[in-house]
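One point on numbering: in numbering that gives the first Met the number 0, the residue at position 125 of the sequence shown is 124, and numbering is uninterrupted.
Using N, Cα and C, we set each Cβ at its ideal position, and we do this for glycine too.
What follows is one structure encoded as structure tokens, with my remarks underneath.
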Amino acid sequence: MAEQEPEGRAAARPLLTDLYQATMALGYWRAGRAQDLAEFELFFRHCPFGGAFALAAGLRDCVRFLRTFHLRDADVQFLASVLPPDTDPAFFEHLRAIDCSGVTVRALPEGSLAFPGVPLLQVSGPLLVVQLLETPLLCLVSYASLIATNAARLRLIAGPKKRLLEMGLRRAQGPDGGLTASTYSYLGGFDCSSNVLAGQLRGVPVAGTLAHSFVTSFSGTEVPPDPMLAPAAGQGPRVDLATLVEAWLERVCAHLGLGVQEPHPGERAAFVAYALAFPRAFQGLLDTYSVRRSGLPNFLAVALALGELGYRAVGVRLDSGDLLQQAQEIRGLFRTTAAQR
0 MAEQEPEGRA
10 AARPLLTDLY
20 QATMALGYWR
30 AGRAQDLAEF
40 ELFFRHCPFG
50 GAFALAAGLR
60 DCVRFLRTFH
70 LRDADVQFLA
80 SVLPPDTDPA
90 FFEHLRAIDC
100 SGVTVRALPE
110 GSLAFPGVPL
120 LQVSGPLLVV
130 QLLETPLLCL
140 VSYASLIATN
150 AARLRLIAGP
160 KKRLLEMGLR
170 RAQGPDGGLT
180 ASTYSYLGGF
190 DCSSNVLAGQ
200 LRGVPVAGTL
210 AHSFVTSFSG
220 TEVPPDPMLA
230 PAAGQGPRVD
240 LATLVEAWLE
250 RVCAHLGLGV
260 QEPHPGERAA
270 FVAYALAFPR
280 AFQGLLDTYS
290 VRRSGLPNFL
300 AVALALGELG
310 YRAVGVRLDS
320 GDLLQQAQEI
330 RGLFRTTAAQ
340 R
């Protein structure tokens with residue numbers, strides 16, 4: 000995975016932790032044990048999703064966090080406000096001075112298989128410091144590993160040849176959760192993500208097409224400022240794509256046993272507009288109105304018009320209903336339509 004994010008921009012900050020880590024740190028310091036050598040292990044007891052394995056993930060974020068770990072004055076001042084008011088000021092001076100220069104980390108490689116009881120991370124160093132690292136490292140590894148594991152399971156189900164796109168940003172647990180999920184879905188075996196920020200910061204390939212809002216924004220009365228499209232080979236006159244689509248629509252509707260008035264004109268206008276913008280990557284979203292009576296015939300008319308000009312539509316998308324049944328029916332209609340050309 001390409002790394003585009005600035006090294007100094009850690010995925011977590013020192014105060015992304017539980018308060019009891021700070022109270023224990025004070026206890027260690029008061030007991031004279033702050034510099035005692037300690038080792039913490041990060042492991043899990045049961046595989047997620049009832050599976051037989053997990054994927055170790057989040058190591059890159061952990062390394063970035065450890066390299067930049069340092070409590071700023073503002074961090075120390077906040078801790079002073081939540082710890083007992085009679086805390087020795089020397090403790091806070093100690094906090095200002097700590098970093099991870101004395102910390103050693105052993106870890107499973109990023110993306111490798113992990114099993115119950117086997118540490119994903121082994122962190123050793125001064126007791127006070129590694130105690131403060133516990134919560135943020137758990138946070139960085141646990142969710143990343145969960146997402147990567149789920150992505151790997153989906154990849155195993157889909158097989159190696161299917162293209163998997165992650166589109167969970169709009170339902171993610173906040174911006175950081177969205178970026179993490181997109182990043183580690185890719186690590187777990189997905190091909191790309193809809194998350195543009197994951198592409199910019201983490202080098203994740205991005206992809207996307209159109210939504211129902213695009214389709215419903217057209218009524219069918221719109222006239223494109225330039226409806227002309229040149230053949231894919233670049234030779235020959237430009238053709239009015241909208242007119243060519245209408246000609247194909249009659250043939251498609253006759254084949255499907257539909258009246259030419261049944262497919263929604265606004266949906267067809269949306270498909271034409273998208274095809275004019277992306278003639279080499281046209282994909283139809285079929286279920287805005289009716290898959291069988293509108294989305295499918297409109298898509299076929301546009302796809303066949305593009306095919307006449309030497310382009311090839313990418314495919315279709317379904318967002319609702321019985322996806323398996325619809326996919327099988329649509330594939331069958333694709334075959335019979337192709338045979339009728």
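Reference residue i; option with closest CA among the options
i      : options                       : result
ARG267 : HIS45, LEU41, ALA246, ALA253  : ALA246
GLY379 : THR179, VAL128, SER218        : An answer regarding residue 379 cannot be provided, because it is not within the stretch 0 to 340 covered by the chain.
ARG162 : LEU139, LEU153, PHE91         : LEU153
ARG279 : HIS93, TYR310, PRO262, LEU257 : TYR310
ASP72  : ARG66, ALA338, ALA56, ALA96   : ALA96
LEU107 : ALA89, TYR19, LEU41, VAL313   : LEU41
LEU65  : LEU137, THR215, GLY233        : LEU137
VAL195 : ALA147, MET166, VAL290        : MET166
PHE39  : ALA89, ALA300, GLN130         : GLN130
ASP85  : GLY50, LEU25, ALA326          : LEU25
GLU261 : MET227, PRO296, ALA272        : PRO296
PRO83  : TYR19, GLU109, GLY49, ALA56   : TYR19
MET227 : TYR183, ALA272, LEU257        : ALA272
GLN325 : ALA302, TYR142, GLY294        : GLY294
TYR142 : PHE43, LEU257, LEU322         : PHE43
LEU155 : HIS93, VAL81, GLY50           : GLY50
LEU15  : PHE68, ARG105, PRO204, LEU112 : PHE68
PHE90  : ARG29, LEU112, GLY116         : ARG29
Alpha carbon of residue i to alpha carbon of residue j, nearest angstrom
i      : j      : result
LEU209 : LEU284 : 7 Å
ASP35  : CYS99  : 14 Å
LEU132 : PHE281 : 49 Å
ASP286 : PRO135 : 43 Å
CYS191 : ALA206 : 6 Å
LEU332 : ALA11  : 51 Å
ALA274 : THR220 : 17 Å
ARG263 : PHE217 : Residue identity differs from the one stated: residue 263 is His in this sequence, not Arg. So the two alpha carbons sit approximately 10 Å from each other.
PRO230 : ALA276 : 14 Å
ARG181 : GLN199 : Note that residue 181 is Ser in the sequence shown, not Arg. So the alpha carbons of these two residues sit roughly 12 Å apart.
ALA338 : HIS211 : 30 Å
GLN234 : LEU305 : 15 Å
ASP17  : PHE270 : 52 Å
ALA147 : GLY265 : 40 Å
ASP239 : ALA300 : 14 Å
ARG291 : ARG330 : 12 Å
ASN149 : SER184 : 8 Å
ALA171 : VAL214 : 25 Å
ARG169 : GLY176 : 11 Å
GLY31  : VAL81  : 22 Å
Contact set for residue i: own chain, Cβ-Cβ below 6 Å, skip 5 residues either direction
i      : result
GLU6   : Bear in mind that the predicted position of GLU6 carries a pLDDT of just 41, short of 50, making it too unreliable to give a figure here.
LEU78  : ALA21
ASP318 : ASP286
TYR345 : Since the displayed the chain opens at 0 and closes at 340, residue 345 lies outside it and no answer follows.
Same chain, Cβ closer than 7 Å to residue i, neighbours up to 5 away in sequence not counted
i      : result
GLU307 : LEU243
VAL259 : LEU248, GLU249, CYS252
ALA151 : LEU54, GLY187, GLY188
PHE114 : PHE52
8 Å contact criterion, which residue i and residue j should meet: CB distance rounded
i      : j      : result
ALA241 : PRO223 : 7 Å
VAL128 : VAL102 : 6 Å
PRO347 : LEU139 : Residue 347 lies beyond the stretch modelled for the chain, which goes from 0 to 340, so this question has no answer here.
PRO125 : LEU70  : Contact flag wrong, Cβ pair sits at about 14 Å.
Same chain, Cβ closer than 8 Å to residue i, neighbours up to 5 away in sequence not counted
i      : result
ALA157 : LEU163
ALA110 : The displayed chain sequence assigns Gly, not Ala, to residue 110. Counting only Cβ-Cβ distances below 8 Å, and skipping sequence neighbours, we find LEU54, ALA55, ALA56, ALA147, LEU186, GLY187.
PHE298 : PHE270, GLY283, LEU285, ALA312, VAL315
HIS254 : THR335, THR336, GLN339
Taking one C-beta from the stretch 52 to 71 and one from the stretch 120 to 140 each time, how about it: are there three or more such pairs within less than 8 Å? Here the stretch 52 to 71 lies against the stretch 120 to 140, with 3 or more beta-carbon pairs under 8 Å apart.
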